[in-house]
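**Student:** Here it is, the structure in full.
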Amino acid sequence: MAHGGIVLGGLVALAGLYAFNPSAGSWFPPCPWLWLTGWQCPGCGVLRGTHALLHGELAVAWGLNPLWCVLGPTLGAALLWSCARSFGVPLPALRVPRAGMWGMLLAVVAFGVLRNL
387 MAHGGIVLGG LVALAGLYAF NPSAGSWFPP CPWLWLTGWQ CPGCGVLRGT
437 HALLHGELAV AWGLNPLWCV LGPTLGAALL WSCARSFGVP LPALRVPRAG
487 MWGMLLAVVA FGVLRNL
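For the sequence shown, my numbering gives the first residue as 387, with consecutive numbering after it.
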């Protein structure tokens, strides 16, 4: 039941993000890093970008956070894969090499610096 609750919670969150546009002056919180420093963090634009992706607006999402347009669907697919495994679907375990994790971390940090130049 715990796995089902997590999946249901994720689907409810996505439905809410589909229905409510974070750009429309909503109750979504501002980025604390942007608020404190005036600089965009690597995650700035993810909520708005996800909303745009859910509506099929790839160009809008790319303009908000291009890194998320690449990593978001990849992470979503990995999450779906893991959820399917947790429900008993016979899929092999996902393995990400250590170099791949370091590469993703480096890409996120570099993106955070470059987007503020």
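We treat Cβ as the ideally placed atom computed from N, Cα and C, and that holds for glycine.
Classify TRP514 as helix, strand or coil using the three-state DSSP reduction.
**Tutor:** No answer is possible for residue 514: the residues shown for the chain start at 387 and end at 503.
**Student:** Just mark GLY391 as buried or exposed, buried being the case when its beta carbon has 16 or more other beta carbons within 10 Å.
**Tutor:** Residue numbering aside, residue 391 sits at position 5 when the sequence shown is read from its first letter. With fewer than 16 other Cβ atoms from the protein chains shown falling within 10 Å of its own Cβ, GLY391 counts as exposed.
**Student:** Rounded to whole angstroms, what is the Cα-Cα separation between ALA399 and GLN426?
**Tutor:** Start at 1 with the first residue of the sequence shown, and residue 399 comes out as number 13. Start at 1 with the first residue of the sequence shown, and residue 426 comes out as number 40. Approximately 24 Å between the Cα atoms of the pair.
**Student:** When DSSP labels each residue in this structure, what does PRO476 get in the three-state scheme?
**Tutor:** Here residue 476 corresponds to residue number 90 of the sequence shown, with the count starting at 1. Of the three classes helix, strand and coil, the one that applies to PRO476 here is coil, per DSSP.
**Student:** Near ALA433, which residues of its chain fall below 8 Å by C-beta distance, leaving aside the five closest residues on each side in sequence?
**Tutor:** The residue labelled residue 433 in the question sits at position 47 within the sequence shown. A quick correction: the sequence has Leu, not Ala, at residue 433. Answer for LEU433: LEU403, PRO408, PHE414, listed in chain order.
**Student:** Here's a check: name, in chain order, each residue in its chain whose Cβ is nearer than 7 Å to the Cβ of LEU420, leaving out the five neighbours to either side.
**Tutor:** The sequence position of residue 420 within the sequence shown is 34, counting from 1. Excluding positions up to five away in sequence, the list reads GLN426, CYS427, CYS430.
**Student:** Given this structure, state the Cα-to-Cα distance separating LEU466 from TRP488, to the nearest angstrom.
**Tutor:** One-based indexing of the sequence shown puts residue 466 at position 80. One-based indexing of the sequence shown puts residue 488 at position 102. Going by the C-alpha atoms only, they are around 23 Å apart.
**Student:** Could you tell me whether any non-hydrogen atom of the ligand NAP is closer than 6 Å to the CB of VAL446?
**Tutor:** For the structure depicted, the ligand NAP is absent and the ligand set is empty, with no information on it obtainable.
**Student:** Just to confirm, is the Cβ distance from LEU477 to ALA470 under 7 Å?
**Tutor:** Position 91 of the sequence shown, counted from the first residue, corresponds to residue 477. Position 84 of the sequence shown, counted from the first residue, corresponds to residue 470. Yes, the pair counts as a contact, with Cβ atoms nearer than the cut-off.
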